[in-house]
Amino acid sequence: MEPLKLSQAIEENTLELFAWLCLFPITLFDLVFHPMDFLERMALEKSKAEGSRFDNRMPPVLFFLLGTVPLSIAVNKTDKEIQTMPAIADASLVIAFVLCTMPFVWALAALAAAGCGFGRKAFREAFGTQCYLFCPIWLFLLSGVVAMQMNIIYLDDACMTIWVILVLWGITTEWRLLDKAASTGKRVLCFAGAVGVSVVAYTVIIKIAVATGQTWIA
Numbered sequence: 014m015e016p017l018k019l020s021q022a023i024e025e026n027t028l029e030l031f032a033w034l035c036l037f038p039i040t041l042f043d044l045v046f047h048p049m050d051f052l053e054r055m056a057l058e059k060s061k062a063e064g065s066r067f068d069n070r071m072p073p074v075l076f077f078l079l080g081t082v083p084l085s086i087a088v089n090k091t092d093k094e095i096q097t098m099p100a101i102a103d104a105s106l107v108i109a110f111v112l113c114t115m116p117f118v119w120a121l122a123a124l125a126a127a128g129c130g131f132g133r134k135a136f137r138e139a140f141g142t143q144c145y146l147f148c149p150i151w152l153f154l155l156s157g158v159v160a161m162q163m164n165i166i167y168l169d170d171a172c173m174t175i176w177v178i179l180v181l182w183g184i185t186t187e188w189r190l191l192d193k194a195a196s197t198g199k200r201v202l203c204f205a206g207a208v209g210v211s212v213v214a215y216t217v218i219i220k221i222a223v224a225t226g227q228t229w230i231a
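Okay, so the sequence shown: first residue is 14 according to the working numbering, each after it adds one.
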């Protein structure tokens with residue numbers, strides 16, 4: 014039975030991996046071009062039974078990690094001046110932690126604006142929303158860096174141009190989300206606070222990584 018279970022597990026994981034690869038661009042396109050409608054539909058997905066959730070789109074955290082961690086590793090692998098990277102498994106955990114800093118901070122800002130408390134359920138929903146929003150921004154930033162390091166002509170400029178557009182898209186979408194939950198004054202305060210805390214948090218995370226020997230990530 015053990016060989017049979019192993020083969021079934023391999024088959025299931027292989028199918029799941031390629032299903033993710035299929036759903037990733039579909040999810041990305043839907044998110045970028047219909048952000049508010051997309052986020053509302055994804056919120057409804059969470060009310061479905063466990064087995065039928067996210068059948069047509071990727072779940073938020075998985076979407077974020079698939080769109081950012083492989084490219085982050087590629088950035089460090091293609092940089093000739095960077096120090097030797099640790100084992101991929103260890104590096105992936107550090108990268109995921111660093112990249113998730115932004116969704117974490119903005120999720121807290123969204124909860125503060127909504128005034129709904131910082132419970133586990135509310136945080137999971139807010140964090141999932143932010144993972145969706147930050148994935149396209151990180152995706153094209155990291156793609157541009159990889160293209161630049163590999164000297165792929167024009168691709169780096171194209172990626173960075175799209176990245177600038179997506180940053181503006183992200184700011185607009187974040188403001189629209191806050192607009193649904195708070196007054197103008199509270200919105201401005203939470204938005205400015207999230208920007209400031211994001212800069213500080215990212216700096217602190219990088220310093221922690223360096224202090225623990227992960228100098229390659231800086």
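Backbone N, C-alpha and C fix where the C-beta goes; we use that ideal spot for every residue, glycine too.
Please read these numbers as outputs of a predicted model, since none were measured by experiment.
For residue 60, no alpha helix (DSSP H) encloses it, and the DSSP letter there is neither H nor E.
Per DSSP, residue 167 lies in no alpha helix (DSSP H) and is assigned neither H nor E. Distance from the CA of residue 205 to the CA of residue 170, rounded to the nearest whole angstrom, comes to 29 Å.
With respect to residue 175, residue 140 sits apart: the two C-beta atoms are not nearer than 8 Å. Distance from the CA atom of residue 47 to the CA atom of residue 22, rounded to whole angstroms, is 36 Å. Within the region 137 to 196, the runs of alpha helix (DSSP H) at least 4 residues long that lie entirely inside it are, in chain order, 168 to 192.
When the Cα atoms are used, residue 209 and residue 30 turn out to be separated by approximately 37 Å. A direct Cα-Cα distance of roughly 6 Å separates residue 82 from residue 108.
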